[in-house]
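All remarks here apply to the structure that follows.
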Amino acid sequence: MAAPRRDTRGIVDAAELFARVDFRRREPAEPLRPYLEHYWLIDYDLTQPYASHVVPHPSVNIVFQRLSGQEPFAEVAGIGLELFTQKLEGSGRVCGIQFRPGGFRPFFPDRPVSAWTGRRVPLPHADTAAVLDPDDEDARVAALDAFLLGLGPRPDPQADLAMALADHIRTDRTIRRVGDFARAEGLSVRLLQRLFATYVGVGPKWVVLRYRIHEALERAETDRDVDWARLAADLGYADQAHLVRDFTATVGVPPTAYATQRVR
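Residue numbering for the sequence shown is -15 to 248, as defined by the numbering used here.
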């Protein structure tokens, strides 16, 4: 598996976030890499409240948090279907585990991943102190490794298949229709949908659409002169209006307005 990705896909106004908080990504221990995207670590000490916004990936996260005025806690954050907003104030620390799409179930095999979708479920027995207390970043990463290795991920060929299919969708822009994708992979649409519900948590069509929005958001973050009609065609939209509609519904503003606000 490659090192943690360096792009900002999914983060709304990434430059503003990075200016306010100390955000890092770290790689997990070798045995965990087949299942994880990366760890993500945030520390902050704010003089004024700040709200961060994220267009969620098709990934489950486990998040350890120490927020101002609250007791430390850990939770499973299932795939978010809508824009996620987190208000930060004072000082705090967050240590997150982002699973690859399809990589969560080997650690929690007792229910389909779709059962976690749209939910945030406490993990009351997780050792939050071991993860959140150390000032040394390597010690926090080691604690996250120990936590996950203690869960004993179980090898599962179906999880491997789901991860491979989801990664194919992420990296291949020509995948636009679920029926065509299923046939190309030698699967029926129903079997593909059942596999994604069980191991990813959302359907393959949702994954295709979400990665389109991530691509459009990344372009809006970095290029004010995006040719939106061309990008819509590249991403498989019937026309620019469909891209604008999906982007606006997800992020809250049209892509042209977003780009104008963010790129200086």
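Beta carbons: idealized from backbone N, C-alpha and C, even for Gly. These numbers come from a predicted model, not from an experiment.
| Asked | Found |
| --- | --- |
| Given 8 angstroms, three or more beta-carbon pairs between the region 164 to 180 and the region 62 to 81 | no |
| Status (buried if at least 16 other CB within 10 Å, exposed otherwise) for GLN32 | exposed |
| In DSSP terms, what GLY80 is bridged to | TRP24, VAL47 |
| Beta-carbon spacing of PRO239, ALA200 below 8 angstroms | yes |
| Distance cut-off 7 angstroms: ASP111 Cβ against heavy atoms of the ligand GTP | The model on display carries no ligand, and the ligand GTP is accordingly not part of it. |
| Host beta strand (DSSP E) of ARG8 (start-end) | 6 to 10 |
| DSSP bridge partner residues for ILE(-5) (one or two, in chain order) | VAL38 |
| Which of helix, strand or coil DSSP assigns to ASP117 | coil |
| Distance, PHE57 Cα to THR112 Cα | 6 angstroms |
| Interface flag, HIS41 vs chain B, CB-CB below 8 angstroms | Protein chain content of the structure displayed is limited to a single chain, and chain B is not contained in it. |
| Element boundaries [alpha helix (DSSP H), containing GLU205] | 188 to 206 |
| Bounding residues of the alpha helix (DSSP H) (the contiguous stretch that carries ARG95) | Element bounds for ARG95: n/a, residue is neither H nor E. |
| Cβ separation of ILE81 and LEU149, assumed to be a contact under 8 angstroms, to the nearest whole Å | Rounded, the Cβ-Cβ distance is 22 angstroms, inconsistent with contact. |
| ARG196 vs LEU219 beta-carbon contact at 8 angstroms | yes |
| Where the alpha helix (DSSP H) through ALA148 begins and ends | 141 to 155 |
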